[in-house]
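Here is the structure we will look at.
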Amino acid sequence: MKFSGVCIETDDAPLLAGFYSKVLQEEPLVEGSHYGFSKIAVYNPGNVTAAKVRNVWLSFSTPDIDALYGRLLREIPGIEIIAPPERKPWGAYSVWFLDPDGNRIAVYQEDEK
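FYI, in this note's numbering the residues of the sequence shown are 2 to 114.
This is how it looks when you write it as structure tokens:
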């Protein structure tokens with residue numbers, strides 16, 4: 002079995018898709034109220050309110066955390082940063098922030114080879 006992606010339910014799919022488009026630097030494929038990225042889909046579940054569970058976070062990697070952090074601050078005014086770039090005790094260099102629905106996102110700097 003292989004992991005193929007994650008779907009985020011939201012009450013405002015266009016807003017969340019716009020946020021992830023800026024974070025991922027990727028335009029979504031749009032099909033009705035569904036917005037698909039390479040590994041993330043965003044959609045409004047229709048006549049039910051999206052679940053507000055906050056016990057999962059999304060994790061990404063990048064070759065340059067500091068460049069990403071600067072870009073996020075420039076391109077997404079008001080982005081809620083949980084933890085600015087910092088070196089963790091176990092060696093990881095990461096930044097944490099929230100999407101507009103309050104989902105946590107962690108981005109780690111890829112290991113230097």
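Using N, Cα and C, we set each Cβ at its ideal position, and we do this for glycine too.
Simplified DSSP assignment, three categories, for residue i
i       : result
Lys-114 : Caution applies to Lys-114, whose pLDDT of 44 falls short of 50 and renders its modelled position unreliable; the model cannot decide the point.
Val-108 : strand
Ile-82  : strand
Ala-42  : strand
Gly-37  : strand
Contact check, residue i vs residue j, beta carbons under 7 angstroms
i       : j       : result
Pro-101 : Phe-20  : yes
Phe-132 : Ile-80  : Here the chain has residues from 2 to 114 only, and residue 132 is not among them.
Leu-23  : Glu-76  : Residue identity check: residue 23 is Lys in the sequence provided, not Leu. Cβ distance < 7 angstroms, so Lys-23 and Glu-76 count as in contact.
Thr-63  : Val-108 : yes
Val-57  : Ala-18  : no
Phe-38  : Pro-46  : no
Inter-residue Cα distance where the pair is residue i and residue j
i       : j       : result
Lys-114 : Asp-65  : Confidence in Lys-114 is poor, its pLDDT being 44 and thus under 50, which makes the residue's placement unreliable; the coordinate value appears in the next sentence. Rounded to whole angstroms, Lys-114 to Asp-65 spans 13 angstroms at the Cα level.
Gly-71  : Leu-16  : 21 angstroms
Val-7   : Gln-26  : 17 angstroms
Val-31  : Leu-73  : 23 angstroms
Pro-78  : Gly-103 : 16 angstroms
Arg-88  : Asp-13  : 34 angstroms
Arg-105 : Leu-59  : 6 angstroms
Endpoints, the alpha helix (DSSP H) within which residue i is located
i      : result
Ile-9  : No alpha helix (DSSP H) contains Ile-9, which is instead part of the beta strand (DSSP E) from 7 to 10.
Tyr-20 : Per the sequence presented here, residue 20 reads as Phe, with Tyr not at that position. Per DSSP, Phe-20 belongs to the alpha helix (DSSP H) from 14 to 25.
Ala-68 : 66 to 76
Residue-chain proximity (residue i, chain C), Cβ-Cβ < 7 angstroms
i      : result
Leu-17 : Of the protein chains in the structure, only one exists, and it is not chain C.
Residue range of the beta strand (DSSP E) that includes residue i
i      : result
Ser-95 : 94 to 99
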